[in-house]
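A short worksheet on the structure shown next.
Residue numbers (our numbering): 105 to 327.
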């Protein structure tokens, strides 16, 4: 079963949605999904090196007080889902272009993309570090067993910048306007950080497609 996950690394609902999907999959041990993490930037116009968090909150929510109210709901939801996040730790809102490049780089080097995504979620939402900073990304990669210098060299280049931007543009052409969005077998979409039970019908429909495709392949004459 193929699951495409459209996400951004500064999206707390993506972090929560990932956790809920994993809980749902835990109830279906017979499923063997493969994942594709698809870049989507919530703030594509963000300066490359990000901006002060308070300035960002003022622009997005009209002030820090309103943001505190919204984030209190998010933090409580995350706690109920077993996630330790502290949004008050965050001092800068990053541009996530390099963070997405890091995830793709880690996958190219044989790491699980899901593990790289988890690592950056923790670095940002738990530790409050700037995941737009190449040094922070390199440290995260080094903790995963990757070469720190090679990561810095990759991020200092323009390699895969166009790839991430094209993937983001492709998501928008598909009609995706918010994340997380989970697409099963390129056909069925589930948008938002839905409760684990919402994934069940999607698993069933996607699994049926996979079974039908296997049956069709076995019945086809050799060519």
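Note that beta-carbon positions come from the ideal geometry of N, C-alpha and C, so glycine has one too. Small disclaimer: the values here were computed from a predicted structure and weren't measured.
Nearest neighbour of residue i, chosen from the options [CA to CA]
{"i": "residue 157", "options": "195, 185, 145, 123", "result": "195"}
{"i": "residue 182", "options": "119, 257, 273, 228", "result": "119"}
{"i": "residue 298", "options": "200, 185, 217, 279", "result": "185"}
{"i": "residue 122", "options": "205, 252, 294", "result": "294"}
{"i": "residue 264", "options": "109, 127, 210", "result": "210"}
{"i": "residue 268", "options": "247, 143, 127, 129", "result": "143"}
{"i": "residue 282", "options": "291, 290, 296", "result": "296"}
{"i": "residue 147", "options": "224, 114, 217", "result": "114"}
Extent of the continuous alpha helix (DSSP H) run through residue i
{"i": "residue 133", "result": "Taken as a continuous stretch (DSSP letters only), residue 133 belongs to no alpha helix (DSSP H), as it is neither H nor E."}
{"i": "residue 287", "result": "Per DSSP, residue 287 belongs to no alpha helix (DSSP H); it is in the beta strand (DSSP E), 285-288."}
{"i": "residue 190", "result": "Segment: none, residue 190 is in no alpha helix (DSSP H) and carries neither H nor E."}
{"i": "residue 175", "result": "168-184"}
{"i": "residue 270", "result": "265-277"}
{"i": "residue 229", "result": "First-last for residue 229: undefined, no H or E at that position."}
{"i": "residue 217", "result": "217-225"}
Range of the contiguous beta strand (DSSP E) that encloses residue i
{"i": "residue 293", "result": "292-295"}
{"i": "residue 256", "result": "First-last for residue 256: 252-260, but that is the alpha helix (DSSP H), not the beta strand (DSSP E)."}
{"i": "residue 106", "result": "106-111"}
Collapsed DSSP secondary structure at residue i in the structure displayed
{"i": "residue 197", "result": "strand"}
{"i": "residue 155", "result": "strand"}
{"i": "residue 249", "result": "coil"}
{"i": "residue 327", "result": "Low confidence applies here, because residue 327 scores a pLDDT of 44, under 50, leaving its location unreliable; read the following figure in that light. Residue state, collapsed to three classes: coil."}
{"i": "residue 142", "result": "strand"}
{"i": "residue 305", "result": "helix"}
{"i": "residue 298", "result": "coil"}
{"i": "residue 235", "result": "coil"}
{"i": "residue 116", "result": "helix"}
{"i": "residue 125", "result": "helix"}
{"i": "residue 282", "result": "coil"}
{"i": "residue 213", "result": "coil"}
CB-CB length for residue i against residue j, believed under 8 Å
{"i": "residue 112", "j": "residue 200", "result": "6 Å"}
{"i": "residue 303", "j": "residue 105", "result": "Actually they do not touch by this definition, with Cβ atoms about 11 Å apart."}
{"i": "residue 245", "j": "residue 253", "result": "Contact doesn't hold; Cβ gap of about 10 Å is too wide."}
{"i": "residue 179", "j": "residue 191", "result": "6 Å"}
Residue i: CB within 7 Å of a non-hydrogen atom of the ligand PLP
{"i": "residue 306", "result": "As far as ligands go, the structure on display features none, and thus does not contain the ligand PLP."}
Legend entry - Three CB pairs or more closer than 8 Å across the segment 213-229 and the segment 147-157: No contact exists between the segment 213-229 and the segment 147-157.
Legend entry - Any 3 or more C-beta pairs closer than 8 Å across the segment 232-241 and the segment 271-281: They do not touch, by the three-pair rule.
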